[in-house]
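Colleague: Numbering (the working numbering), first residue to last: 20 to 627. The beta-carbon is built from N, C-alpha and C at its ideal position, and this holds for glycine as well.
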Ligand code: F6R
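(1) Would you check whether the ligand F6R has a heavy atom nearer than 8 Å to the C-beta of residue 86?
(2) Output needed for residue 263: all residues of its chain with C-beta closer than 8 Å, excluding positions within five of it in sequence on either side, in chain order.
(3) Mind checking who residue 566 pairs with in its DSSP beta bridge?
(4) Do the stretch 239–257 and the stretch 70–84 make contact, defined as three or more Cβ pairs closer than 8 Å?
(5) According to DSSP, is residue 270 helix, strand or coil?
(6) Buried or exposed for residue 504, going by 16 or more other Cβ atoms inside 10 Å?
(7) Give the secondary structure of residue 335 by DSSP, where H, G and I count as helix, E and B as strand, and everything else as coil.
(8) Roughly how many whole angstroms lie between the Cα atoms of residue 469 and residue 612?
(9) According to DSSP, residue 517 sits in a beta bridge with which residue or residues?
(10) Closer than 7 Å by C-beta to residue 41: which residues in its own chain qualify, once you throw out the five before and the five after it? Chain order, please.
(11) Relative to the C-alpha of residue 110, which candidate in 138, 83, 265, 63 has its C-alpha closest?
(12) Quick one: does the C-beta of residue 514 sit closer than 8 Å to a heavy atom of the ligand F6R?
(13) In the stretch 79–160, which residue ranges form an unbroken beta strand (DSSP E) of at least 3 residues, counting only runs that do not cross its ends?
(14) Given 8 Å as the limit, tell me if residue 21 has its C-beta closer than that to any heavy atom belonging to the ligand F6R.
(15) Tell me which residues share the same chain as residue 10 and place their Cβ nearer than 8 Å to its Cβ, disregarding the 5 neighbours each side in the sequence.
(16) Below 8 Å, can you find three or more Cβ-Cβ pairs linking the stretch 304–322 to the stretch 352–371?
(17) Given a cut-off of 9 Å, decide if residue 591 and residue 493 are closer than it, judged by their beta-carbon atoms.
(18) As a quick exercise: from 158, 97, 77, pick the residue whose alpha carbon is nearest that of residue 186.
(19) Are there any heavy atoms of the ligand F6R lying less than 8 Å away from the beta-carbon of residue 400, as far as the coordinates show?
(20) Rounded to the nearest angstrom, what separates residue 383 and residue 389 at their Cα positions?
(21) Could you round the C-beta distance between residue 438 and residue 336 to whole angstroms and report it? I think they count as a contact, below 8 Å.
(22) Any idea if residue 329 is buried or exposed, counting beta-carbon neighbours within 10 angstroms, 16 or more meaning buried?
(23) Can you list, in chain order, the residues of its chain whose CB lies under 6 Å from that of residue 219, leaving out five sequence neighbours each side?
(24) Start and end of the alpha helix (DSSP H) containing residue 51?
(25) For the alpha helix (DSSP H) that contains residue 239, what are its first and last residues?
(26) Any heavy atom of the ligand F6R closer than 8 Å to the CB of residue 503?
(27) Starting from residue 289 and walking both ways along the alpha helix (DSSP H), at which residues does that stretch end?
(28) How should residue 354 be labelled, buried or exposed, when 16 other C-beta atoms within 10 angstroms of its C-beta is the threshold for buried?
(29) Relative to the C-alpha of residue 179, which residue among 350, 55, 582, 482 is closest?
(30) Identify the residues that DSSP records as bridge partners of residue 387: which are they?
(31) Using three-state DSSP, classify residue 605 as helix, strand or coil.
(32) May I ask you to verify whether the stretch 163–179 touches the stretch 99–119, counting CB pairs closer than 8 Å and requiring at least 3?
(33) Could you say which of 497, 261, 183, 160 lies nearest to residue 642 if we only look at CA atoms?
(34) Compare the C-alpha of residue 552 against each of 204, 532, 526, 567 and name the closest.
(35) Could you give the residue range of the alpha helix (DSSP H) that holds residue 554?
(36) What residue range does the beta strand (DSSP E) around residue 25 cover?
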């Protein structure tokens, strides 16, 4: 969370900072701020509104060196006084992404030394610490390194000093940061999207790196203080992919990009005649032959993808599979099995809990690690021995959509590859699954045609306070995902249950004011689900049923049927996700919420 951008150039950097902040707004939007160095003074503007408001406030700001920040509040309310950059002694300014865990001790000590605190943030201790070393005549780099040595926690920081008009210093540990290499100018940013208009040449900082960034050069020091060279990558991200185009919101755009995202993710497979472990990395075949179980670690929507995959992995590949919420696993005493393949799933690859869970698994002796991730250069991908990249393209809407369905596609591939390697997939079955995968993008396209009907259905939800989602088997996680989408963008309280569990408690909630949304694929559990739906109707609950072709379910009094174009067998959870995404989107439109930036949330959760 929080986005950082910085620039040192021979032109006014304010427009660069503002554009970068606009691109980083998905990382947090509680407040925004920037500092520029002008005539040996720090000029700061901050705003609790969006970046557009900061832009209006900064219309007169100008300077050739500066840093900017967009905040997701952790310590201290989202107020102007807590907005970054934070300044110490009019000399040093810091923008920070992360959490400083020992800030209270440091704050007490610095206060005793005479430093006054103007905010409630943990970040302000960094500014004062750097100031305390800098004011004693150390270089900005040396002062920053000394300050960092005292910090416990996670950070990516950008630092400037009023009397150092052509240099910025930055560092990362636990939060992402990269350098942008321009022609006679240099930049820093939390991710490459912030720099697309100024450069595509980027250097990814590693954990523990500190860098001194000048107009025409930069020096990077690793965690041990050694000077290191890090390679320059040329980003292929297109700035078009970041634009909204014909859509009203990024979430809508991203829902509609799913057929293409699925096709791109499956590209390597769809044109081949057989499945090979190599799609997960050169060492995959050897690793897969040594494993006897799977452990999936992830958060939020990515965790739901893992829950679906468990059904596939156990049924098709015959591998015992457990799925854990990363933030729980990392602190739980568990029993490691060195023959387990640890699979982490993440859109961003920067989620702090998922990264920590992976490190924890490794520390417990797990050596077989695989990440399924949408960001190739992310920390998660770098920390895993094997990987499969989803090719969903940038996901900007805070609610995850295309990342989820492409994760499912990748997990289905993993299932098939493991099943094949374990002799559980005949050549005929392999060809049938490949055929179904090739058909998946067009099947997803057909589901998107339900948009108009779902928009009309959503009108019934605008006045509701609660909603209950039901599914069975591998569609239970889809019910969970539908409920998560609805609550996060429409703020309607939504819960999901396996339909068979209804009579064990939640049925007590059902009355005429409780809409019940059921995922009804045409599978072996259909008849059981129909009985569960009768239980709801008998209590006066209003049913919204997303049913496959051939289910012989019909609209009637209190039952609203949404007919899916087909039944997609094992891939059905992917298709059944799409109408629930559209439902959440149109209910949020009805309620007039900020769809792409729902309250209290941020896209990339880089704090614990
Ligand atoms: C919900 C959502 C979150 C993320 C979660 C993990 O729509 O987006 O629940 O899925 O924060 O994020 P990643 O996948 O980046 O690790």
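Modeller: Per the coordinate set shown:
(1) no
(2) 269, 272
(3) DSSP lists 539, 582 as partners of residue 566.
(4) no
(5) helix
(6) buried
(7) coil
(8) 22 Å
(9) 490
(10) 70
(11) 63
(12) Flag unset: Cβ of residue 514 not near the ligand F6R.
(13) Segments of the beta strand (DSSP E) lying fully in the stretch 79–160: 84–90, 105–107, 111–119.
(14) For residue 21, the shortest C-beta to heavy atom distance toward the ligand F6R is 8 Å or greater.
(15) Outside the shown range of the chain, which is 20 to 627, sits residue 10, and nothing can be said about it.
(16) Yes, the stretch 304–322 is in contact with the stretch 352–371.
(17) Remark: C-beta atoms of residue 493 and residue 591 approach each other more closely than 9 Å.
(18) Closest in alpha carbon position to residue 186, among 158, 97, 77, is 158.
(19) Relative to the ligand F6R, even the nearest heavy atom lies 8 Å or more away from the CB of residue 400.
(20) Residue 383 and residue 389 have their alpha carbons spaced roughly 16 Å apart.
(21) That pair is a contact at about 4 Å.
(22) buried
(23) 253, 254
(24) Element bounds for residue 51: not the alpha helix (DSSP H) but the beta strand (DSSP E), 50–57.
(25) That residue, residue 239, is in no alpha helix (DSSP H); its beta strand (DSSP E) goes 237–240.
(26) yes
(27) 286–289
(28) When all chains shown are included, residue 354 counts as exposed.
(29) 55
(30) 360
(31) Residue 605: helix per DSSP, three-state reduction.
(32) yes
(33) In the structure as shown, the chain begins at 20 and stops at 627. Residue 642 is therefore absent and cannot be evaluated.
(34) A check of alpha carbon separations from residue 552 across 204, 532, 526, 567 identifies 526 as the nearest.
(35) 545–557
(36) Judged by DSSP secondary structure, residue 25 falls within the beta strand (DSSP E) whose first and last residues are 22–27.
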